[in-house]
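Enquirer: Residue numbers (this note's numbering), protein chains in the order written: chain Z, 1 to 251; chain R, 252 to 502. Note that CB positions come from ideal geometry on N, CA and C, so glycine has one too. Nothing here was measured: the structure is a model prediction, and the numbers come from that model. Submitted below is the structure of interest, expressed as structure tokens.
Right, dumping it as structure tokens:
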């Protein structure tokens with residue numbers, strides 16, 4: 001069923017939450033939209049940008065946000081689905097395009113990037129992502145746990161810096177413990193680890209510790225964990241993955 | 252030698268280049284700085300923000316930018332080193348902290364994140380980074396080629412989406428060809444690949460193709476290449492890595 005769309009849908013990243021980290025492009029996109037769809041917590045962060053607009057606060061999963069946005073676009077509206085961080089990283093964009101595919105729909109879509117949690121946390125922690133890195137989400141809502149285990153193993157073995165998203169989920173810290181045990185087969189216990197939770201709020205918590213000392217039982221669900229590679233060091237309370245200029249190299 | 256620093260150094264990401272993608276936070280940081288240090292091309296992108304400031308255009312490597320910023324901070328200045336994209340991803344931040352470490356210096360440093368090339372390109376291409384992904388730079392200025400080869404192999408084997416930065420370098424496309432051959436051992440030739448070059452300019456070039464059809468001889472040096480995982484598909488001229496909600500999963 002190919003439904004004609006007169007409207008437009010924008011998938012807009014608002015960054016970690018502070019107004020000063022919303023790009024002018026995202027601000028402008030929200031300004032153009034007549035309908036703003038998002039989690040109520042996300043809508044609260046941009047209340048100053050949405051006065052007079054139709055707001056649809058959706059606590060359920062992104063599929064429902066996608067459905068609503070398309071319903072609005074079919075009536076000719078310009079709808080924005082707003083997302084914390086960046087819409088393309090463990091967020092709405094893949095879900096939205098998947099919804100289009102599944103329902104055989106075509107639409108005018110614009111994706112507006114935002115500062116995602118990894119970039120924000122890295123800046124606050126120092127320069128932990130200075131080298132090659134792997135982003136892995138521990139939630140198995142999107143990939144089977146066996147696939148995730150294999151990714152953790154490969155990333156650890158090949159000495160990638162590893163950014164672990166969604167470390168807890170509904171089951172608690174069991175999988176995080178397993179993930180850290182896998183990484184521990186390839187890295188020394190005192191490998192630096194940087195943790196950031198409650199990003200961009202007054203309760204933001206930054207911890208630079210070692211892999212062995214991560215207290216998995218005490219983590220907040222929104223923690224991003226960055227595990228260093230074999231070269232990562234700490235300096236003056238920061239975590240840094242080196243980016244040396246090797247003599248003789250020149251590619 | 253621990254030199255007292257009266258000034259401050261900010262490492263500021265300006266995003267891909269358009270003024271509307273510079274965050275208000277980065278804009279404010281540049282406003283606070285008396286001295287702005289960067290590649291001349293980067294300085295040109297923010298000329299509207301730097302009137303009346305001391306500008307130091309440095310074409311040589313980031314070590315020289317770091318040295319200059321510290322020299323200025325020692326005289327009490329607030330210096331900003333500006334970087335395209337994000338300072339923490341294959342950019343100045345790791346180099347700068349490494350310079351501090353090597354010279355046993357301590358300084359007041361602030362890192363200001365920006366939309367990096369991967370987030371920007373992903374938004375333009377669709378949602379190619381929708382799942383777990385690995386970021387790999389092909390330049391061996393920073394890691395030995397053997398290490399990079401191992402990372403490519405592991406990332407391909409574990410079905411990560413792979414973002415290849417700096418695909419050419421001074422040697423031409425030989426290593427890129429080798430990288431694609433490695434990935435080709437684990438993925439089908441028609442795996443979607445998204446390429447973006449000349450980001451955020453009038454000459455921006457976006458190509459969605461397949462891994463086998465990447466024309467390595469014709470690439471611009473600033474191309475970002477995103478190779479899909481086994482699930483990545485194309486839809487209406489976009490490239491999407493799915494983020495399904497698996498039945499029965501619930502972590």
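DSSP on residue 267 of chain Z, reduced to helix/strand/coil?
Expert: Any question about residue 267 of chain Z goes unanswered here, given that chain Z covers just 1 to 251.
Enquirer: Would you say residue 41 of chain Z faces chain R, with C-beta separation under 8 Å as the test?
Expert: False, the Cβ-Cβ gap to chain R never drops below 8 Å.
Enquirer: What residue does the alpha helix (DSSP H) around residue 99 of chain Z start on, and which one ends it?
Expert: Residue 99 of chain Z -> alpha helix (DSSP H) spans 92 to 102.
Enquirer: Is it buried or exposed for residue 272 of chain R, if we count other Cβ within 10 angstroms and need 16 for buried?
Expert: Classification for residue 272 of chain R: buried.
Enquirer: Taking Cβ positions only, does residue 178 of chain Z come closer than 8 Å to chain R?
Expert: Not one chain R Cβ lies under 8 Å of residue 178 of chain Z.
Enquirer: For residue 6 of chain Z, go through chain R and note every residue whose CB falls closer than 7 Å to its CB, in chain order.
Expert: The contacting residues do not exist; residue 6 of chain Z stays about 17 Å from chain R at best.
Enquirer: Below 8 Å between beta carbons: does that hold for residue 437 of chain R and residue 408 of chain R?
Expert: Contact flag set, yes.
Enquirer: Taking all protein chains shown into account, decide if residue 16 of chain Z is buried (16 or more other Cβ within 10 angstroms of its Cβ) or exposed.
Expert: By the 10 Å Cβ count, residue 16 of chain Z comes out buried.
Enquirer: Go ahead and label residue 258 of chain R buried or exposed: buried means 16 or more other beta carbons lie within 10 angstroms of its beta carbon, across all protein chains shown.
Expert: Its Cβ being crowded by 16 or more others within 10 Å, residue 258 of chain R is buried.
Enquirer: Could you name the residues of chain R that residue 72 of chain Z contacts, counting a contact when the two beta carbons are closer than 9 Å?
Expert: Those do not exist, as residue 72 of chain Z stays about 19 Å from chain R at its closest Cβ, beyond 9 Å.
Enquirer: With H, G and I counted as helix, E and B as strand and the rest as coil, what does DSSP make of residue 243 of chain Z?
Expert: DSSP places residue 243 of chain Z in coil when its eight states are reduced to three.
Enquirer: Just the Cα atoms here: how many angstroms apart are residue 329 of chain R and residue 289 of chain R?
Expert: Distance between the alpha carbons of residue 329 of chain R and residue 289 of chain R: 14 Å.
Enquirer: Once DSSP output is grouped into helix, strand and coil, what is the label at residue 1 of chain Z?
Expert: Because the pLDDT at residue 1 of chain Z is just 45, under 50, the model does not fix this residue reliably, and the value given afterwards should be weighed accordingly. In this structure, residue 1 of chain Z counts as coil in the three-state DSSP scheme.
Enquirer: Quick one: give me the first and last residue of the beta strand (DSSP E) that residue 78 of chain Z is part of.
Expert: Residues 78 to 83.
Enquirer: Return the chain-ordered list of same chain residues with a C-beta closer than 6 Å to the C-beta of residue 277 of chain Z, the five sequence neighbours on each side being excluded.
Expert: Residue 277 of chain Z cannot be examined here, being either before or after the span of chain Z that is shown, 1 to 251.
Enquirer: Can you tell which of R/419, R/413, R/450 and R/401 has its C-alpha closest to the C-alpha of residue 442 of chain R?
Expert: The candidate whose alpha carbon is nearest that of residue 442 of chain R is R/413.
Enquirer: Quick one: does residue 276 of chain R have its CB under 8 Å from some CB of chain Z?
Expert: It does: the Cβ of residue 276 of chain R has a partner Cβ on chain Z nearer than 8 Å.
Enquirer: Given a threshold of 16 other Cβ atoms within 10 Å of its Cβ, counted over all protein chains shown, does residue 426 of chain R qualify as buried or as exposed?
Expert: Buried, by the Cβ-count rule.
Enquirer: What does the Cβ neighbour count give for residue 310 of chain R, buried or exposed, with the cut at 16 atoms within 10 Å?
Expert: Answer is exposed; the Cβ neighbour count stays below 16.
Enquirer: How many whole angstroms separate the CB atoms of residue 486 of chain R and residue 100 of chain Z, which I take to be in contact at a CB cut-off of 8 Å?
Expert: Indeed, because the Cβ distance is near 7 Å, the residues count as touching under 8 Å.
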